[in-house]
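Undergrad: Protein chains in written order, with UniProt numbering: chain A, 1 to 214; chain B, 1 to 214.
2 protein chains.
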Amino acid sequence: MQADSLVGRRVAASLREAILSGAMEPGARIRQEELAERFGSSRIPVREALRVLEAEGLVRLVANSGAWVAKLDLAECLETYKMRERLEPLALGEGIQALTGEEIARLEALVAEMEEAEEVETFLRLDRVFHLLTCSRAGMPMLEATIRGFWDRTQHYRRAYASLVGREGQWVIHHEHRLLVEALRRRDRIDAEALLALHIRRTRLALAAHPEIF
Amino acid sequence: MQADSLVGRRVAASLREAILSGAMEPGARIRQEELAERFGSSRIPVREALRVLEAEGLVRLVANSGAWVAKLDLAECLETYKMRERLEPLALGEGIQALTGEEIARLEALVAEMEEAEEVETFLRLDRVFHLLTCSRAGMPMLEATIRGFWDRTQHYRRAYASLVGREGQWVIHHEHRLLVEALRRRDRIDAEALLALHIRRTRLALAAHPEIF
DNA sequence: TTGGCAGTGATTGTATCCAATGACAAGCGG
DNA sequence: CCGCTTGTCATTGGATACAATCACTGCCAA
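Take a look at the structure:
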């Protein structure tokens, strides 16, 4: 899943960071030479990095034409959410017994921080940590990588949505998070999986109600 | 998901074919120069092709060391099956209404061919066509690509399993396929999803009973 | 005015060459 | 005899140079 070459690795990591942080928006053109210059390298490692990011779905390559930051349309975003609805409950359910009390306390703290978060970026970061942590104890690294890819590819659109609806529109999310943590405390796999699926599904429907983001 | 460069594309396609067909077994060393020579190209397109295949999970790259055909251990294979259990029913359920009568007839014919198939390769090919066809009407190309990736990465181990148990051990599969097609005829999403999940799950358990394959 | 066409520039794709890393083996010392 | 060191070789990683492709622009003609 990852590059080998030292330079190519650095380029890929940096470009990934730029895309996930929002510094580079979907549709933005990526010129090989410009990246090479920024890293003081030739275009070879840059091209390898672009291949890696294309495979991750973060970059779109067109032969003899160029590279762009990948853009998702509404349908693709909804498709990603439907996949999340099936896979994240799996990861949660498989790992729920292995979750430690400390980890659940950490999850609860994250929920509280999210409730207090004023910056969109803060909320996004905490939400991501929260959800990936719930999936982290399944002992299924390929599944985790798949889920992380879903989060990466939709990062920009979650940011856009969160910015659009503001803090007021998010109380439902916090309630769902609270209920999920409560189910985790009881180690109730059925409830936890169902709540997580409902949470993602409702988020998908909310996103579908704002097609102007795309 | 795919390479751009013309040569790199050909190299990737050819190498993928070699891996899926079993011509190159998991763990086999891949030398860049040898591939380059075979295609009459330099190592540059070969390296790009290796990146693409690494992203697909068919090749493993190690920095400053080399490339090998990717190898899955039993745990990773079971993990893949668990993901299939969640995602393939999704694709089936989303597309079941769009399946035409002709397509269902085609599925039934595939089941009949599988029942008669004497060669392992024939069975493998038909089984793959059958399952990917059931997923093809969801209108979810990213999901389809994900599922196809699962099939690609486990192809070698399905071949090994089928060769091991022979034709006699496969009557359960045929019955499950028949029941699935019957549910499709009724356009019964609930039954069809459940049957497909059960089918994949039972296959996973059967695979887990033969760890000597790995 | 508009459509097409050719030329030009920028950008990507590929080949060749060189550097660097790692594996392996021979030799040295304990 | 065993273990460590060192040197050599095979292979990969990266840089430079060149070829091919594409998009854009300006011109010409209908």
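Heads up, the beta-carbon is just placed ideally off N, CA and C, and yes, glycines get one too.
1. Any C-beta of chain B within less than 7 Å: which residues of the segment 70-92 of chain A qualify?
2. Using a Cβ-Cβ cutoff of less than 8 Å, which residues in the same chain neighbour Arg16 of chain B once the five nearest sequence positions on both sides are dropped?
3. Considering only the alpha carbon of each residue, which of B:Ser42, B:Ala23, B:Leu20 and B:Gly22 lies closest to Val7 of chain B?
4. Is there at least one Cβ from chain A nearer than 8 Å to Thr203 of chain B's Cβ?
5. Whether or not the segment 160-178 of chain B and the segment 107-119 of chain A are in contact is what I'm after, with contact meaning three or more pairs of Cβ atoms, one per stretch, closer than 8 Å; do they touch?
6. Going along the chain, which residues of the segment 93-121 of chain B sit with their C-beta nearer than 8 Å to a C-beta in chain A?
7. Which residues, in chain order, does the segment 25-48 of chain A contribute to contact with chain B at a C-beta distance below 9 Å?
8. I'd like to know whether the C-beta atoms of Leu198 of chain A and Glu88 of chain A end up nearer to each other than 8 Å.
9. Quick check on Ile19 of chain A: does DSSP put it in helix, strand or coil?
10. What does Arg167 of chain B touch in chain A if you count any residue whose Cβ is under 8 Å from its own?
11. State the Cα-Cα distance for the pair Leu133 of chain B and Leu61 of chain B, rounded to the nearest angstrom.
12. Return the residue from the list A:Ala23, A:Asp191, A:Thr80 and A:Asn64 that minimises the CA-CA distance to Ala208 of chain A.
13. Please list the segments of the alpha helix (DSSP H) lying wholly inside the UniProt domain "HTH gntR-type" (5-72) of chain A, counting only runs of 4 or more residues, in order along the chain.
14. Name the chain B residues that come within less than 9 Å of Val52 of chain A, Cβ to Cβ?
15. Of all the alpha helix (DSSP H) runs that stay within the bounds of the segment 79-144 of chain A, which reach a length of 4 or more residues?
16. Go ahead and pull the three-state DSSP assignment for Ala209 of chain A.
17. Where Phe150 of chain B and Arg31 of chain A are concerned, what is the direct C-alpha to C-alpha distance, given to the nearest angstrom?
18. Starting from the C-beta of Val120 of chain A, find all residues in its chain whose C-beta is less than 8 Å away, skip the five residues before and the five after it, and write them out in chain order.
19. Is residue 216 of chain A helix, strand or coil when you go by DSSP?
20. Looking at the secondary structure, which residues open and close the alpha helix (DSSP H) in which Arg185 of chain B lies?
21. Could you check whether the Cβ of Leu132 of chain B sits closer than 8 Å to any Cβ belonging to chain A?
22. Find the residues of chain B that neighbour Thr146 of chain A, judging by a C-beta separation of less than 9 Å, and give them in chain order.
23. Mark Asp127 of chain A as exposed unless 16 or more other C-beta atoms lie within 10 angstroms of its C-beta, in which case mark it buried.
24. To which residues of the same chain is Ala91 of chain B closer than 7 Å at the C-beta, ignoring the five residues directly before and after it?
25. Can you tell me the Cα-Cα spacing of Ala3 of chain A and Val46 of chain A, whole angstroms?
26. Using 8 Å as the threshold, is the C-beta distance between Ala49 of chain B and Ala12 of chain B below it?
27. Using the C-alpha atoms, what's the distance from Leu74 of chain B back to Thr203 of chain B?
28. Since Leu195 of chain A meets chain B, which of its residues come closer than 7 Å, beta carbon to beta carbon?
29. Should Leu143 of chain A be flagged as near chain B, meaning a C-beta pair shorter than 8 Å?
30. I want to verify the contact list: residues of chain A whose CB lies under 8 Å from the CB of Ser5 of chain B, in sequence order.
31. Determine the closest residue to Glu94 of chain A out of A:Leu78, A:Ala36 and A:Asp188, with distance taken between C-alpha atoms.
32. Can you give me the C-alpha to C-alpha distance between Arg186 of chain B and Ile104 of chain B, rounded to a whole angstrom?
33. Can you name, in chain order, every residue of its own chain whose Cβ lies under 7 Å from the Cβ of Leu20 of chain A, other than the five neighbours on each side?
34. Can you tell me which of A:Glu25, A:Arg86, A:Cys77 and A:Ala206 puts its alpha carbon nearest to the alpha carbon of Gln170 of chain A?
35. Taking buried to mean at least 16 other C-beta atoms within 10 Å of its own C-beta, is Ala67 of chain A buried or exposed?
36. For Met1 of chain B, would you say it is in contact with chain A, using Cβ-to-Cβ distances shorter than 8 Å as the test?
TA: So, to answer that:
1. Listed in sequence order: Glu76, Glu79, Thr80, Lys82, Met83, Arg86, Leu87 and Leu90.
2. Position 16 of the second sequence holds residue 16 of chain B. The residues are Leu53, Glu56, Leu58 and Asp152.
3. For the purposes of this step, residue 7 of chain B is taken as residue 7 along the second sequence, with counting starting at 1. Of B:Ser42, B:Ala23, B:Leu20 and B:Gly22, the residue nearest in Cα terms is B:Ser42.
4. By one-based count along the second sequence, residue 203 of chain B stands at place 203. With 8 Å as the cut-off, Thr203 of chain B does not count as an interface residue toward chain A.
5. Fewer than three beta-carbon pairs drawn from the segment 107-119 of chain A and the segment 160-178 of chain B are found closer than 8 Å, and the two stretches are therefore not classed as touching.
6. Against chain A - using a Cβ distance shorter than 8 Å - the residues of the segment 93-121 of chain B are Glu94.
7. Taking 9 Å as the Cβ-Cβ cut-off against chain B, the residues of the segment 25-48 of chain A that qualify are Ile44, Arg47 and Glu48.
8. As a position in the first sequence, residue 198 of chain A is number 198, starting the count at 1. As a position in the first sequence, residue 88 of chain A is number 88, starting the count at 1. Not closer than 8 Å, so no.
9. Reading the first sequence from its first residue, position 19 is the one you call residue 19 of chain A. In the three-state reduction of the DSSP assignment, Ile19 of chain A falls in the helix class, which pools H, G and I.
10. Along the second sequence, one-based indexing puts residue 167 of chain B at 167. Within 8 Å Cβ-Cβ: nothing; Arg167 of chain B doesn't reach chain A, min ~31 Å.
11. Mapped onto the second sequence, residue 133 of chain B falls at position 133. Mapped onto the second sequence, residue 61 of chain B falls at position 61. Using only the alpha carbons, I get a separation of about 32 Å.
12. Walking along the first sequence from the start, residue 208 of chain A turns up at place 208. The residue with the shortest Cα to Cα distance from Ala208 of chain A is A:Thr80.
13. Taken in chain order, the whole alpha helix (DSSP H) runs of length 4 or more contained in the UniProt domain "HTH gntR-type" (5-72) of chain A are 6-21, 32-39 and 43-55.
14. As a position in the first sequence, residue 52 of chain A is number 52, starting the count at 1. Simply Arg51, Glu54 and Ala55.
15. Within the segment 79-144 of chain A, the complete alpha helix (DSSP H) runs of at least 4 residues are 101-116 and 120-134.
16. To locate residue 209 of chain A, count along the first sequence from 1; it is residue 209. Look at Ala209 of chain A here: in three-state DSSP terms it is coil, with no helix or strand label.
17. As a first step, residue 150 of chain B is located in the second sequence; it is residue number 150 there, counting from the start. As a first step, residue 31 of chain A is located in the first sequence; it is residue number 31 there, counting from the start. Near 33 Å, if we compare the C-alpha coordinates of Arg31 of chain A and Phe150 of chain B.
18. For this step, residue 120 of chain A is matched to residue 120 along the first sequence. Counting only residues of its own chain and dropping the five nearest sequence neighbours on each side, Val120 of chain A has a CB closer than 8 Å to the CB of Arg159, Ala162 and Ser163.
19. Past the edges of chain A, shown from 1 to 214, lies residue 216 of chain A, and the structure says nothing about it.
20. Translated into the one-based positions of the second sequence, residue 185 of chain B becomes position 185. Under the DSSP assignment, Arg185 of chain B falls in the alpha helix (DSSP H) whose first and last residues are Trp171 to Arg185.
21. Within the second sequence, residue 132 of chain B is the residue found at index 132, counting from 1. With 8 Å as the cut-off, Leu132 of chain B does not count as an interface residue toward chain A.
22. The sequence position of residue 146 of chain A within the first sequence is 146, counting from 1. For Thr146 of chain A, the C-beta contacts it makes with chain B under 9 Å involve Met83 and Thr146, in order along the chain.
23. Counting from 1 along the first sequence, the entry for residue 127 of chain A is found at position 127. So Asp127 of chain A ends up on the buried side.
24. Counted from its first residue, the second sequence places residue 91 of chain B at position 91. Same-chain partners within the cutoff: Cys135, Ala138, Met140, Leu143, Glu144 and Ile147.
25. Locating residue 3 of chain A in the first sequence gives position 3, where the first residue counts as 1. Locating residue 46 of chain A in the first sequence gives position 46, where the first residue counts as 1. Summary for Ala3 of chain A: the model assigns pLDDT 47, below 50, so the residue's position carries little reliability, and this model does not support an answer.
26. Mapped onto the second sequence, residue 49 of chain B falls at position 49. Mapped onto the second sequence, residue 12 of chain B falls at position 12. Taking 8 Å as the Cβ cut-off, Ala49 of chain B and Ala12 of chain B qualify as a contacting pair.
27. By one-based count along the second sequence, residue 203 of chain B stands at place 203. By one-based count along the second sequence, residue 74 of chain B stands at place 74. Here the alpha carbons of Leu74 of chain B and Thr203 of chain B stand approximately 13 Å from one another.
28. Translated into positions along the first sequence, residue 195 of chain A becomes position 195. Within chain B, no C-beta atom comes nearer than 7 Å to that of Leu195 of chain A; the closest sits roughly 17 Å away.
29. The residue labelled residue 143 of chain A in the question sits at position 143 within the first sequence. Judged by the 8 Å Cβ criterion, Leu143 of chain A is in contact with chain B.
30. Looking up residue 5 of chain B in the second sequence gives position 5. What Ser5 of chain B touches in chain A: Ala63.
31. Walking along the first sequence from the start, residue 94 of chain A turns up at place 94. Looking at A:Leu78, A:Ala36 and A:Asp188, the one whose alpha-carbon comes closest to that of Glu94 of chain A is A:Asp188.
32. Within the second sequence, residue 186 of chain B is the residue found at index 186, counting from 1. Within the second sequence, residue 104 of chain B is the residue found at index 104, counting from 1. Whole-angstrom Cα-Cα distance: 11 Å.
33. If you number the first sequence from 1, residue 20 of chain A lands on position 20. So the list reads Asp152 and Gln155, once near-sequence residues are dropped.
34. As a working mapping, residue 170 of chain A is identified with position 170 in the first sequence. Of the listed residues, the one whose Cα sits closest to Gln170 of chain A is A:Ala206.
35. Translated into positions along the first sequence, residue 67 of chain A becomes position 67. With 16 or more other Cβ atoms within 10 Å, it is buried.
36. Along the second sequence, one-based indexing puts residue 1 of chain B at 1. Reliability fails at Met1 of chain B, whose pLDDT of 41 lies under 50, so the model's placement of it is uncertain and no value is given.
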